[in-house]
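*Asks:*
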Ligand code: NAD
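Residue numbers (my numbering): 2 to 345.
#1: Would the segment 269-289 and the segment 5-15 be scored as touching if the rule is three or more Cβ pairs under 8 Å?
#2: Within the present structure, is the beta-carbon of residue 175 separated from the nearest heavy atom of ligand 1 by less than 6 Å?
#3: For residue 345, which residues from the same chain have a beta carbon less than 6 Å from its beta carbon, with the 5 sequence-adjacent residues on both sides left out?
#4: State yes or no: is the C-beta of residue 203 nearer than 6 Å to some heavy atom of ligand 1?
#5: Which residue comes first and which comes last in the beta strand (DSSP E) that contains residue 171?
#6: Starting from residue 128, follow the alpha helix (DSSP H) in both directions and report where the run begins and ends.
#7: Do the segment 81-101 and the segment 53-63 touch if we need at least three Cβ pairs shorter than 8 Å?
#8: Enumerate, from N- to C-terminal direction, the unbroken beta strand (DSSP E) stretches of 3 or more residues contained entirely within the segment 216-243.
#9: Quick check on residue 109: does DSSP put it in helix, strand or coil?
#10: Give me, in chain order, the residues of the same chain whose beta-carbon lies closer than 8 Å to that of residue 324; leave out the 5 immediate sequence neighbours on both sides.
#11: Should residue 68 be counted as a contact of ligand 1 given a C-beta to heavy atom distance under 6 Å?
#12: Flag residue 106 as yes when its Cβ comes closer than 6 Å to any non-hydrogen atom of ligand 1, and as no otherwise.
#13: Measuring straight from C-alpha to C-alpha, what distance separates residue 165 and residue 301?
#14: Quick check on the DSSP output: what are the complete beta strand (DSSP E) runs of length 3 or more inside the segment 155-214, in order along the chain?
#15: I'd like to check one pair, residue 218 with residue 194: are the Cβ atoms closer than 7 Å?
#16: So, at 6 Å on beta carbons, what are the nonlocal neighbours of residue 211 in its own chain, with the 5 sequence-adjacent residues on each side left out?
#17: For a test of the three-state rule: what should DSSP assign to residue 291, helix, strand or coil?
#18: In angstroms, rounded to a whole number, what distance separates the CA positions of residue 130 and residue 49?
#19: Beta-carbon separation of residue 105 and residue 298 under 7 Å?
#20: Which stretch, first to last residue, makes up the beta strand (DSSP E) that contains residue 74?
#21: Residue 209: beta carbon under 6 Å from a heavy atom of ligand 1?
#22: At the level of alpha carbons, what is the spacing between residue 107 and residue 59?
#23: Check whether the Cβ of residue 316 sits closer than 6 Å to any heavy atom of ligand 1, and report yes or no.
#24: Closer than 6 Å to a non-hydrogen atom of ligand 1 - does that hold for the CB of residue 185?
#25: Look at the alpha carbon of residue 343 and the alpha carbon of residue 69, and state the distance between them as a whole number of angstroms.
#26: Could you tell me whether the segment 173-192 touches the segment 142-161, where touching means 3 or more Cβ pairs closer than 8 Å?
#27: Does the segment 215-232 come within contact of the segment 247-254, defined as at least 3 CB pairs closer than 8 Å?
#28: Alpha carbons only, please: which of 138, 132, 127 is nearest the one belonging to residue 117?
#29: In the DSSP output, what is residue 6 paired with across the bridge?
#30: Does DSSP put residue 273 in a helix, in a strand, or in coil?
Below you can see the structure in the form of C-alpha cells.
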C-alpha cells in the first residue's frame, strides 16, 4: 500500500481524502502541521508527501525530503509558486491539480464583490442588532460598469462570463489571449485606467510579483474596487494600505494576502495579531478579507482528493507523470516531457 504524509491537513481534507483512499489503495497519514524542516521527519517511511499552498518547499526542504527517500511532492492545489522548481528538478517530481473547480474560485470572487459593493457584510451585522438604518449602505449597479480581468485562463474566463450576465463592459489583459474570452483585450495601462472593478486571475511569477504597487495603483481609476482571489503577492499590501488611506482605491476584496502563510487556515481569535498591515486592512470598512477559501466547495474538494490520488498512483505504481509541473529546465528548447512523457 502506498503511504503518503499529508501536511497542513484540515478536517475537510481528512474527510475528502479518506473517501477516496480505499479506491486508490493509499494510506494517507494526516498532519495538521505545515511541512517545514522541523516537521519533515514525519514523512519518514512514506512514498510521497501531499502539501497545500502555504507549505513552503524551498531547497533545504527539498534536499531533506530527498534524503528521506521521497521522490514525489503531490500538490493538492493548482498554483506551485511555493515550490523551488530549480531545486526539485532532477531530484523530486512535482505534480499538481491543474483545475479542480474554476467555478468555485470565480464564484467566490463574485460573492466577495457583491458583498463589498452592496455592503452586505455591514447590513448583516446591523440587522442582527435590530438596526434597520440604511445609512452608509449605498452601493452601485454592476450593469454598465467596466470590469478589468487580469489573467483570462480557466477562472478568469468564468468570472468574465458571469460579469457578462450582469451587463458589464469587460476588459481583459493576458500574456496569452484566449480566443473565447468574452471581453476586449487591452494593454494593462488601459485596463487600469478604465476599470471600475479589477479582478486578478493570473499566477504569481517573478513577472507578476507586486504587479499592483505604489506606481500601478496610482494608474487605476479613483474609487476602483480590487478583487484578488489569485495569490497575495500580486499586490504590494503596504502600498495598498497607503492607497486606501489616500481614498484612491475605493474598496478591496482579498481572499489571499502576501504574508498569509503563517496565519491563514488557523484560528487566532483571542490572540493579538502581529501583522500590522493585515490588521490595518481588516480594520477598514471598505476591505473584506477571507482566508484563502475560494476553493472550498464540496465539488472542488472531491476533485482535489481524486486527482491528487490518481497523480500519486500514476507516479508510484504505473510510472506515469500525470499533471507534472513544468520545471523550466535547462533543456527547454527540446522539451523532454513531450518526447518521453517525463521531465527527468
Ligand atoms: P490558468 O493557468 O488557467 O490561467 C492563468 C492565466 O494567467 C493564463 O491565461 C495565463 O496566460 C495568464 N498569465 C500568466 N502570466 C501572466 C501575466 N504576466 N500577465 C497577465 N496574465 C498572465 O489558471 P487558473 O486555473 O485560472 O488559476 C488562476 C490563479 O488562481 C492560479 O494561478 C492560482 O494562483 C489562483 N487560485 C486561487 C485559488 C483560491 O482558493 N483562492 C484556487 C485556485 C487557483
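For every residue, glycine included, the Cβ atom is placed at its ideal position computed from N, Cα and C.
*Replies:* Short version:
#1: no
#2: Relative to ligand 1, residue 175 has its C-beta within less than 6 Å of a heavy atom.
#3: Result list for residue 345: 91, in chain order.
#4: yes
#5: 170-174
#6: 121-129
#7: In this structure the segment 81-101 touches the segment 53-63; the number of beta carbon pairs closer than 8 Å is three or more.
#8: 226-229
#9: Three-state result, residue 109: helix.
#10: 96, 97, 98, 99, 308, 312
#11: no
#12: yes
#13: Across the structure, residue 165 and residue 301 are spaced so that their CA atoms are roughly 24 Å apart.
#14: 170-174, 198-201
#15: no
#16: 237
#17: coil
#18: 51 Å
#19: yes
#20: 73-76
#21: The nearest non-hydrogen atom of ligand 1 is less than 6 Å from the C-beta of residue 209.
#22: 30 Å
#23: Every heavy atom of ligand 1 is 6 Å or more from the Cβ of residue 316, so no.
#24: no
#25: One C-alpha to the other measures close to 23 Å.
#26: yes
#27: yes
#28: 138
#29: 30, 50
#30: coil
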